[in-house]
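When you line the sequence shown up against the numbering used here, it's residues 23 to 114, in that order.
Where is the CB? At the ideal position from N, CA and C, for every residue including glycine.
The next block holds one structure in the form of structure tokens; read it before the comments.
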Amino acid sequence: MSRPRGTIARAELHLGADALMIGSMPKDEVLCNAHVQSACVCVADPDQHFDRARAAGAVDRAAHHGARGYVARDLEGLVWNVSHYQPPPAPR
């Protein structure tokens, strides 16, 4: 999936049941600052997970690709994307 000016919105690399998603972050992305990577975590119920995380200061944001979720920064300033999105397995 591409964005304007040739940047990558999302690319998925699959190996068996695992997937690595990569992409470019928008320049106006508030949580990126100096970090050039973020972790993505798949959870069964992102709404319940967010309720707990919000109490600890998580920032709400709709997840991409039709998934529900949020983004939070940990105590070291690293960005975590939490949603129920799980890429489909690679074709065999």
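Taking just the CA atoms, how far does ALA77 sit from ASN103?
-> 17 Å
Please state whether DSSP places ARG32 in a helix, a strand or coil.
-> The answer is coil: DSSP assigns ARG32 none of H, G, I, E or B.
Cβ neighbours of PRO68 in the same chain (closer than 8 Å, five flanking residues each side left out) = For PRO68, same chain residues with a beta-carbon under 8 Å away, outside a window of 5 residues either side, are ALA85, ALA89, ARG90, GLY91, TYR92, VAL104, SER105 and HIS106 in chain order.
Element boundaries [beta strand (DSSP E), containing ALA77] = Segment 68 to 77 is the alpha helix (DSSP H) holding ALA77; no beta strand (DSSP E) there.
Under three-state DSSP, which class holds ARG90?
-> coil
Opposing strand residues paired with LEU100 [DSSP bridges] | The partner list for LEU100 (beta bridge, DSSP) is empty, contrary to what the question assumes.
Per DSSP, ALA61 forms a beta bridge with which residues?
-> TRP102
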